[in-house]
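Sequential numbering of the sequence shown, starting at 1, is according to UniProt numbering.
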Amino acid sequence: MFKKYLSYFLPVNIHKKTSQISKNLEVTWNNGQLVLDSENTNYSYGSLQRILRKGLKYIGYSRIQNFNSVLVLGVAGGSVIKTLVDEVKFTRKITGVEIDKDVVEIANSFFKLDQIENLNIVVDDAFEFVLKTKEKYDLIIIDIFQDTTMPNFLFEDFFIQRVNFLLNVNGFILFNTMVLDYKDRRRNAAYKSRFDEKYSVRMYPKVEVHNELFTIKKLA
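In structure tokens:
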């Protein structure tokens, strides 16, 4: 408890891990909250939890409560899963996909994700998972970063079309992106243009300065 109290005055690091995939990972008490950070950005809790909480609020907590299944691509420390369970009160099936087993170990050890009964975590590449899964989902959350970099496949037609196929009618995609420069803004504009009249696409710029959220509803 002393470290938690001290963190209101300065961050207190309690765990460091070097991962082949995520590189440098740190678990830190910051302003009384336990957070997971990579070398240059927040990976879970902290600002990232605020960002995705806003996205869930845009969709609507009461609407999400009536969904049957949620897919989270990019678990990290599991802050959006905690928001779904603790705040949205979502009690049905959550599938989390995380490529980095070291991150999953941290999520279980420090953030107790393995104690969430309606959660199944799959250690797999998100691209590979969406190719293989035979399930469909009412909400698909995409939150995939390698530090401050977003993999190119997230914006390619094949991945977009496959995710759209996995989404049930009247379901939502919540996509968290990072916009650091003009190139990223053009990338996001091109992404938005890939959805036709069968989808309702909303873009929320400058969420926590550098993040831009998409909510995408499948209409038919």
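Glycine residues also receive a C-beta, built at the ideal position from the N, C-alpha and C atoms.
Output needed for residue i: all residues of its chain with C-beta closer than 7 Å, excluding positions within five of it in sequence on either side, in chain order.
{"i": "valine 172", "result": "Checking the sequence, you will find phenylalanine at residue 172 rather than valine. Cβ neighbours of phenylalanine 172 beyond the five flanking positions: Ile59, Leu139, Thr215, Ile216 and Lys217."}
{"i": "aspartate 114", "result": "Asn108"}
{"i": "arginine 185", "result": "Val179"}
{"i": "phenylalanine 195", "result": "Val201 and Ile216"}
Can you tell me where the alpha helix (DSSP H) with residue i in it begins and where it stops?
{"i": "glutamate 105", "result": "101-111"}
{"i": "lysine 17", "result": "Segment 12-19 is the beta strand (DSSP E) holding lysine 17; no alpha helix (DSSP H) there."}
{"i": "valine 75", "result": "Counting along the chain, valine 75 falls outside any alpha helix (DSSP H), and DSSP gives it neither H nor E."}
{"i": "lysine 192", "result": "182-192"}
{"i": "lysine 132", "result": "126-132"}
{"i": "leucine 167", "result": "Here leucine 167 belongs to no alpha helix (DSSP H); instead the beta strand (DSSP E) covers 167-178."}
{"i": "isoleucine 116", "result": "Looking at the DSSP string, isoleucine 116 is not in any alpha helix (DSSP H), and its letter there is neither H nor E."}
Tell me the residue span of the beta strand (DSSP E) that contains residue i.
{"i": "aspartate 37", "result": "33-37"}
{"i": "serine 200", "result": "199-207"}
{"i": "isoleucine 144", "result": "Careful: isoleucine 144 lies outside any beta strand (DSSP E) and carries neither H nor E."}
{"i": "leucine 25", "result": "23-30"}
{"i": "valine 97", "result": "93-98"}
{"i": "asparagine 211", "result": "211-218"}
Can you list, in chain order, the residues of its chain with a C-beta nearer than 6 Å to that of residue i? Leave out the 5 residues immediately preceding and following it.
{"i": "threonine 95", "result": "Leu71 and Asn120"}
{"i": "leucine 84", "result": "Phe90"}
{"i": "isoleucine 142", "result": "Leu73 and Phe175"}
{"i": "proline 11", "result": "Thr28 and Asn30"}
Using CA atoms only, rank isn't needed, just tell me which of the options is closest to residue i.
{"i": "methionine 150", "options": "Tyr137, Asn31 and Asn188", "result": "Asn188"}
{"i": "valine 207", "options": "Asp184, Tyr199, Thr177 and Phe195", "result": "Thr177"}
{"i": "aspartate 100", "options": "Phe145, Glu117 and Glu197", "result": "Phe145"}
{"i": "valine 97", "options": "Lys82, Val122, Glu117 and Phe111", "result": "Val122"}
{"i": "leucine 154", "options": "Leu52, Glu128 and Phe111", "result": "Glu128"}
Since I believe residue j is in contact with residue i (beta carbons under 8 Å), could you give me their beta-carbon distance rounded to a whole number of angstroms?
{"i": "leucine 213", "j": "leucine 174", "result": "7 Å"}
{"i": "lysine 136", "j": "asparagine 168", "result": "5 Å"}
{"i": "aspartate 86", "j": "lysine 17", "result": "Their Cβ separation, rounded to whole angstroms, is 25 Å, which puts aspartate 86 and lysine 17 out of contact at 8 Å."}
{"i": "glutamine 65", "j": "valine 88", "result": "6 Å"}
Considering only residues of the same chain and omitting the five flanking positions on each side of residue i, which have a CB-CB separation below 8 Å?
{"i": "valine 130", "result": "Leu73, Phe159, Arg162, Val163 and Leu166"}
Is residue i helix, strand or coil by DSSP?
{"i": "valine 163", "result": "helix"}
{"i": "valine 85", "result": "helix"}
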